[in-house]
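Numbering that gives the first Met the number 0 numbers the first residue of the sequence shown as 0 and each following residue consecutively.
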Amino acid sequence: MVNFDAIKGFVFDLDGVVTDTSRYHAKAWGQLADKLGVNYPNLGDAVKGISRMDALEMILKKGGLENNYSAAEKEKLATEKNDNYVQLIQHMTPNDILPGMAAFLKELQANDYGIALASASKNAPTILDKIGLKDVFTKIVDPATLSHGKPDPEIFVKGAQLLDLKPEQCIGLEDAAAGITAINAANEVSVGIGSKDLLHEADINFADTEDVTLANIKAAMQ
Numbered sequence: 000m001v002n003f004d005a006i007k008g009f010v011f012d013l014d015g016v017v018t019d020t021s022r023y024h025a026k027a028w029g030q031l032a033d034k035l036g037v038n039y040p041n042l043g044d045a046v047k048g049i050s051r052m053d054a055l056e057m058i059l060k061k062g063g064l065e066n067n068y069s070a071a072e073k074e075k076l077a078t079e080k081n082d083n084y085v086q087l088i089q090h091m092t093p094n095d096i097l098p099g100m101a102a103f104l105k106e107l108q109a110n111d112y113g114i115a116l117a118s119a120s121k122n123a124p125t126i127l128d129k130i131g132l133k134d135v136f137t138k139i140v141d142p143a144t145l146s147h148g149k150p151d152p153e154i155f156v157k158g159a160q161l162l163d164l165k166p167e168q169c170i171g172l173e174d175a176a177a178g179i180t181a182i183n184a185a186n187e188v189s190v191g192i193g194s195k196d197l198l199h200e201a202d203i204n205f206a207d208t209e210d211v212t213l214a215n216i217k218a219a220m221q
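Shown next, in the form of structure tokens:
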């Protein structure tokens, strides 16, 4: 692991790190799965941290429907899920920022660290606006520019590029195993937030978002 003093920027996942929209995703995917007649227990956990089209393919495969739809029809299904989701997130507020994250972001700004968002969600700008962090995350990786989803490192590499930094100068924060794999493959320091068993590949692990502070990260890197 690099020395803490070499770190100049932080690249954040959104869902489960800055705010929790997983319940909205789970509900929107559940609505679509019900429509397709697919019974998928623990659907919310299955689709966590992966792209929209990958999640759709997972649901279709679960129901043995992966060959029943054309690419255009699959795109339409994904759009329908997104429309449901967009309606659900309209009611988000700054109260939806996870504990400690607002303070941590202020701490990063006060110490002149670069801040970027590396989320697979095309709705990230809307969510940031609703929770009052639009002015904090001015550097956002556009998912439409990506060739590969997590666990591929592309999105975290691009996050570092947006900050004009090398990946090894950045810390990536994630709550999903696929995201931790992506951060590690990007050659960034990985901070996992959540179960240590699930996120065992992370360089640093915190049980909760409120434990994420510069002091705690620095201590973990020594």
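Backbone N, C-alpha and C fix where the C-beta goes; we use that ideal spot for every residue, glycine too.
Source: prediction; values computed, not measured.
Which of helix, strand or coil DSSP assigns to residue 206: coil
Inter-residue CB distance, residue 55 and residue 120 (contact presumed, cutoff 8 Å): That pair is no contact at about 14 Å.
Anticipated Cβ contact below 8 Å, residue 161 with residue 140, distance rounded: 7 Å
Beta-carbon proximity of residue 83 to residue 168, cut-off 8 Å: no
Segment contact flag, the segment 1-11 with the segment 32-48, C-beta cutoff 8 Å, min 3 pairs: no
Chain-order list of residues whose beta-carbon lies under 6 Å from that of residue 179 (same chain, five-residue window excluded): 173, 189, 191, 198, 200 and 201
Residue 123 - containing beta strand (DSSP E), residue span: Per DSSP, residue 123 belongs to no beta strand (DSSP E); it is in the alpha helix (DSSP H), 123-129.
Paired residues, beta bridge with residue 173 - DSSP: 191
Proximity winner among 92, 52 and 24, relative to residue 77 (alpha-carbon distances): 52
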